[in-house]
Each structure stands twice: as C-alpha cells, then as structure tokens.
Amino acid sequence: MRTFMHGAAVWDVACPQRPSRVAGLTMAGFRVRSLPALRMVPHPAVTLLLEFGAGSPVLDCAAGQQQRGSLVAGSGLGAGGTVRARGENLECVQVRLSPVIARAVLGVSPADLDGAVVSLGDLWGREVSRICEQLGEVPSWQARFALTDALLARRHEAGPPVDPEVAWAWHRIVGSRGLARVDGLAAEIGWSRKRLWSRFRSQLGVPPKRAVKLVRFDHAAHRLVAGEGAAHVAADAGYADQSHLHRDVMAFTGATPATVAGEPFLAVDDLAWPDRGTLTRPHVPSDPRLGRRPEVRRPPR
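Residue numbers 1 to 301, in my numbering, belong to the letters of the sequence shown in order.
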C-alpha cells in the first residue's frame with residue numbers, strides 16, 4: 001500500500017499484483033481517514049464500490065440526493081460537477097468495469113442506471129452484506145482483490161455478452177481516444193447509424209456520440225493533470241480549438257481546465273490505475289480492408 005498526497009488529500013492506495021481474469025475489469029483499494037467533499041470527475045467506466053471499513057462513503061448528488069455504502073454508478077458519473085464524495089474512516093475496493101462487460105457482471109444493463117448512483121444492495125440484495133463482511137475479514141489487500149475478482153469473474157461468466165458489433169465499436173472509440181466518427185463505425189460494421197445508436201445505448205448505457213465525447217474528455221483531462229498546456233492538449237486531442245476544450249471540460253465537470261488539472265480524483269489515477277483501467281483493451285484493427293467487414297468475435301461463453 002502506498003500513500004497518495006495531493007494538496008490536502010492524503011489516501012492510502014493499494015493495487016492488485018496480478019491483472020484480473022476478466023478483461024476490462026480493474027481494481028484499486030483505498031483507505032482514507034478523512035475525505036472532505038471531493039468532486040467526482042466523469043470516467044468512461046461503470047464504477048462499483050465495495051466498502052467494508054468502520055465508516056461509510058457518502059455521495060452527495062444533484063437535487064440533494066444522497067447515496068451511502070456500497071454502490072454502483074453508470075459511465076459518466078459526476079457530469080456537470082454535480083456529485084461529491086465524502087466520509088470518515090473509509091476502506092473500500094473500487095472496481096472499474098468496461099461498459100462492454102458491465103451488463104454481465106452487474107446483472108442489469110448500464111442503461112438501467114442512466115448515469116445515476118444506485119445502492120448495490122438494490123441489485124444484489126443480501127449478497128452485498130456477505131461480500132463486505134468477507135472483505136473485512138481477510139488479512140490483506142491482495143486477498144481482498146482475489147476475493148473480489150473471483151466473485152466478479154463468476155458473475156461475468158454467467159451473464160450475457162453484448163453484441164460483438166457493439167463491443168467492437170466501443171473498443172474502436174477507446175482505441176482512437178475519442179476521435180472515431182459514429183457514422184464511420186456504423187458503416188464499417190455494416191449497420192445503419194440508427195441501429196448502432198439503439199444497440200449501443202441499450203447495452204452500454206450511453207449513446208455512441210456521448211461515448212466518443214467522454215473518452216476524448218478523459219484522455220484530455222489526464223493530460224491536463226500531467227501538466228500539459230490546454231492549447232496543446234486541445235490541438236492534439238481532436239478539439240476544434242482551446243475554447244472547444246474549455247466548453248467540454250465545463251460540461252463534464254462544472255470547472256475550468258485549470259481547476260480540473262488539480263483535481264485529486266484524476267491525479268490519483270497514475271497510482272491506482274497506472275494502465276487507465278477500462279482504457280486497456282485488446283488490439284482492434286483500425287483500418288479494415290476496403291469493402292471488408294471488420295472481424296468481430298463473440299466472447300466465449
């Protein structure tokens with residue numbers, strides 16, 4: 001376990017020594033004595049939080065709503081800067097699920113979350129209490145990661161896969177860092193734009209155009225945190241100009257690029273998810289032969 005210090009933020013962070021047996025699933029462990037209100041920055045993954053410490057995390061959402069304890073949140077949680085996390089004496093395992101595997105792991109489509117925060121108990125019932133008790137009883141973080149991975153792998157194996165064309169489109173969006181064009185993806189797959197939009201939205205929880213913007217924003221935001229200038233990031237990340245980047249960052253976070261560059265939620269990623277979690281992906285052909293449908297394979301059952 002390593003200590004993350006960023007301004008007033010001090011967290012203990014643990015990482016698995018081995019990758020998950022499920023592609024698109026990554027984890028990190030956190031121990032935080034005192035967490036003041038922390039802005040949640042949207043991320044292109046479904047977030048699963050399993051808490052087992054003496055305290056309980058609290059998410060303050062829009063319109064005065066709150067969510068406590070173990071929870072699940074759809075891709076893009078915190079858009080507009082409307083969600084803050086806080087708490088005392090927190091210990092938890094945080095899981096990031098690629099939207100491609102989220103339906104199988106959760107048992108519901110990410111579309112049913114609609115970007116909201118939902119109590120994990122509402123999805124899994126009493127099983128959540130048993131999982132959290134087990135996490136608190138095992139002697140180490142590596143044992144907690146192994147326990148969590150085994151549980152989620154079993155759920156993934158039993159759950160339904162998304163359409164292979166949808167998975168292919170998602171990986172192309174991620175592989176292009178949000179520069180892929182939705183019309184081009186539909187044409188390469190051999191679907192209409194309407195069909196791709198419908199299947200993508202119903203199975204992954206976000207429309208493809210929104211996914212493109214979210215992945216592009218995530219890439220740009222981490223480059224801002226790394227100290228790159230906004231003008232350079234805007235030009236290199238596919239924005240029309242610096243004003244375009246500014247508008248996108250404001251829309252996703254409710255803050256300026258300069259403010260987002262100092263967000264602890266983003267800065268901890270290099271320690272907790274050095275491979276950027278769901279952005280780690282299998283190779284996907286970026287330039288299929290003209291007239292040839294891209295190879296799409298259904299995951300083994």
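By construction, the Cβ of each residue, glycine as well, lies at the ideal position given by its N, Cα and C atoms.
| For Trp168, which three-state DSSP category applies? | Three-state DSSP puts Trp168 in a helix.
| message | Just verifying my parser: in three-state terms, what is the DSSP assignment at Val138? | response | The answer is coil: DSSP assigns Val138 none of H, G, I, E or B.
| request: Tell me whether Gly205 sits in a helix, a strand or coil according to DSSP, three-state version. | output: Reduced to three states, the DSSP call for Gly205 is coil.
| task | Jot down the residue ranges of each uninterrupted beta strand (DSSP E) in the segment 180-228, minimum 3 residues, whole runs only, in chain order. | result | Runs of the beta strand (DSSP E) inside the segment 180-228: none found.
| query | Between which two residues does the beta strand (DSSP E) carrying Ala37 extend? | reply | The continuous beta strand (DSSP E) containing Ala37 extends over residues Leu25 to Arg39.
| Excluding the five sequence neighbours on either side, which residues of its own chain have a C-beta within less than 7 Å of the C-beta of Pro76, listed in chain order? | First, the amino acid is wrong: residue 76 is Gly here, not Pro. So the list reads Pro42, Gly115, Val206 and Leu214, once near-sequence residues are dropped.
| field | Cβ-based neighbour list, Arg297, same chain, cut-off 7 Å, excluding 5 preceding and 5 following | value | Confidence in Arg297 is poor, its pLDDT being 39 and thus under 50, which makes the residue's placement unreliable; the coordinate value appears in the next sentence. Excluding sequence neighbours, Arg297 sits near Pro164.
| task | Report yes if the CB atom of Arg144 is closer than 8 Å to the CB atom of Val105, and no otherwise. | result | Going by C-beta atoms, Arg144 is not nearer than 8 Å to Val105.
| field | Contact set for Ala231: own chain, Cβ-Cβ below 8 Å, skip 5 residues either direction | value | Correct list, in chain order: Gln242.
| Taking the continuous beta strand (DSSP E) assigned at Ala116, which residues delimit it? | Premise fails: Ala116 is in no beta strand (DSSP E) and is neither H nor E.
| task | State yes or no: is the C-beta of Ala267 within less than 8 Å of the C-beta of Val225? | result | Less than 8 Å divides the Cβ of Ala267 from the Cβ of Val225.
| Ala240, buried or exposed, once every other Cβ within 10 Å from all chains shown has been counted against 16 | Flag for Ala240 reads exposed.
| said: Check for me: the beta strand (DSSP E) holding Ala6 runs from which residue to which? | reply: Sequence inspection shows His at residue 6; the Ala mentioned does not correspond to that position. Counting along the chain, the beta strand (DSSP E) containing His6 begins and ends at Arg2 to His6.
| query | In three-state DSSP terms, what is Ala255? | reply | Secondary structure at Ala255: coil, using DSSP grouped into helix, strand and coil.
| message | So, with DSSP's three-state summary, where would you put Glu91? | response | Looking at Glu91 - three-state DSSP - the assignment turns out to be strand.
| said: Classify Ser176: buried if its beta carbon has 16 or more other beta carbons within 10 angstroms, exposed otherwise. | reply: That one is buried.
| query | beta strand (DSSP E) containing Ala235: first to last residue? | reply | It is not in any beta strand (DSSP E) - Ala235 instead sits in the alpha helix (DSSP H) that spans Ala230 to Asp236.
| query | Is Thr280 helix, strand or coil by DSSP? | reply | Unreliable placement is indicated for Thr280, whose pLDDT of 43 sits below 50; the coordinate value is still reported in the next sentence. The DSSP-derived three-state label of Thr280 is coil.
| query | Given 8 Å as the limit, is there contact between the segment 190-208 and the segment 165-174, that is, 3 or more CB pairs closer than that? | reply | Output reads yes: the segment 165-174 touches the segment 190-208.
| request: Would you tell me roughly how many angstroms separate the C-alpha atoms of Val260 and Arg130, rounded to the nearest one? | output: So the two alpha carbons sit approximately 37 Å from each other.
| said: When you compare the segment 18-28 with the segment 54-66, are there three or more beta-carbon pairs, one atom per stretch, that lie closer than 8 Å? | reply: Contact fails: fewer than three Cβ-Cβ distances are below 8 Å.
| task | Give me the Cα-Cα distance between Val162 and Trp197, rounded to the nearest whole angstrom. | result | Straight-line spacing of the CA atoms in Val162 and Trp197 works out to 14 Å.
| said: Within a Cβ cutoff of 6 Å, which residues of the same chain sit near Gln67, ignoring the five residues on either side of it in sequence? | reply: Excluding residues within five positions, the ones whose Cβ falls inside 6 Å are Leu59 and Val117.
| field | Proximity below 8 Å, CB of Leu204 to CB of Pro110 | value | Contact flag set, yes.
| query | Is Thr253 buried or exposed, if buried means 16 or more other CB atoms sit within 10 Å of its CB? | reply | Buried, because 16 or more other Cβ atoms sit within 10 Å of the Cβ of Thr253.
| message | For a test of the three-state rule: what should DSSP assign to Thr82, helix, strand or coil? | response | Three-state result, Thr82: coil.
| Taking the Cβ atom as the reference point for each residue, do Ala237 and His219 lie within a distance shorter than 8 Å? | Yes, Cβ-Cβ distance for Ala237 and His219 is below 8 Å.
| Which stretch, first to last residue, makes up the beta strand (DSSP E) that contains Val46? | First-last of the beta strand (DSSP E) with Val46: Val46 to Glu51.
| task | Rounded to whole angstroms, what's the CA-CA distance from Asp122 to Phe217? Just pull it up for me. | result | Asp122 and Phe217 have their C-alpha atoms spaced approximately 31 Å apart.
| Where Arg68 sits in the DSSP three-state scheme | Correct three-state label for Arg68: strand.
| task | Go ahead and pull the three-state DSSP assignment for Trp273. | result | Residue state, collapsed to three classes: coil.
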